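K.L.:
Before I ask anything, let me first share the structure, which is written out below as structure tokens.
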Amino acid sequence: MRKPCCDKENTNKGAWSKQEDQKLIDYIRAHGEGCWRSIPKAAGLHRCGKSCRLRWLNYLRPDIKRGIFAQDEEDLIIKLHALLGNRWSLIAGRLPGRTDNEVKNYWNSHIRRKLIKMGIDPNNHKLHHGFPRPHSHHPLSATGASSSESMNKEHKVVPLSKSCVEEETAIISSSPVNLDLSIALPSPRLAVVEDKPTPNSEFAKRCDMDIDLNC
DNA sequence: AAGAACAACAACCGCCGGTCG
DNA sequence: CCGACCGGCGGTTGTTGTTCT
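If you're matching positions, the first sequence starts at -3 in my numbering and goes up one per residue.
What follows is the structure in structure tokens.
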């Protein structure tokens, strides 16, 4: 059996206080991001190492961009979600200063709702049957893609055809924001590319292959 | 003004894959 | 090879703030 990641008896939970934040910041400034498990003790924090890591990566890191998402960021999230599914860390990696948690929250609280309102299924980016087709409001139509045709039929089972991939790539390349999936290092966490069987995993695999090729 | 409902966001939980002894 | 450890990820929950009735 795996040991719990920390001693739950002596760890704080819930919102971080200013003092805790400061301790963590001070420690990481002085020693860098080392072994997360040992950081709480070394920094004098009664927190789980995972909690420290999350706090640092999502809120305390100096390069984090806070505040509302710009329209182009939102468009980009939608496009990348259509391509990659719920691979938030990959999506966040294309948005400098944004974290996976932030992107995920923004998707769930804003974009998802917005798409549903527009009659688009946020899971597969397809228009619902019987819903009046919006003309220029589909997030992908703005760049010229045909919504239902360029999307794979069902996120789960049908892999994108080559032409679909090319089409999506063309969409992305027209974006003003850097979408180059090669050598993705806006965030240090992108150095490792995962390959879980998620929606659009076939396409994601190709992205991963592209990364290899481009390296 | 008060309570209910909803929205937004921070944080936790459990699982997974990689690494190491 | 195997099991333990660790970091990372995505899903989910809990809390707080805002709007509505």
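Positions of the beta carbon are idealized from the N, C-alpha and C atoms, including for glycine.
All values derive from a computational prediction rather than experimental measurement.
How many Å lie between Leu79 and Gly40 at the Cα?
P.N.:
43 Å
K.L.:
For Lys19, does the count of other Cβ atoms within 10 angstroms reach 16, so buried, or fall short, so exposed?
P.N.:
buried
K.L.:
Assuming the contact rule is C-beta atoms closer than 8 Å, Trp32 and Lys14 should be a hit. Round their C-beta distance to whole Å, please.
P.N.:
About 21 Å separates the two Cβ atoms, so there is no contact after all.
K.L.:
Going by DSSP in three states, Leu41 sits in which element: helix, strand or coil?
P.N.:
coil
K.L.:
Evaluate contact between the stretch 21 to 29 and the stretch 64 to 71, counting only Cβ atoms and requiring at least three cross-stretch pairs below 8 Å.
P.N.:
no
K.L.:
Going residue by residue through the stretch 40 to 107, where are the continuous alpha helix (DSSP H) segments of at least 4 residues, counting only ones entirely within it?
P.N.:
45 to 51, 67 to 80, 84 to 89, 96 to 102
K.L.:
Is it buried or exposed, Arg109, if we count other Cβ atoms within 10 angstroms and call 16 or more buried?
P.N.:
exposed
K.L.:
Apply the 10 Å Cβ neighbour rule to Asp59 and answer buried if 16 or more other Cβ atoms are within range, or exposed otherwise.
P.N.:
exposed
K.L.:
Can Arg83 and Leu72 be called in contact, C-beta distance under 8 Å?
P.N.:
no
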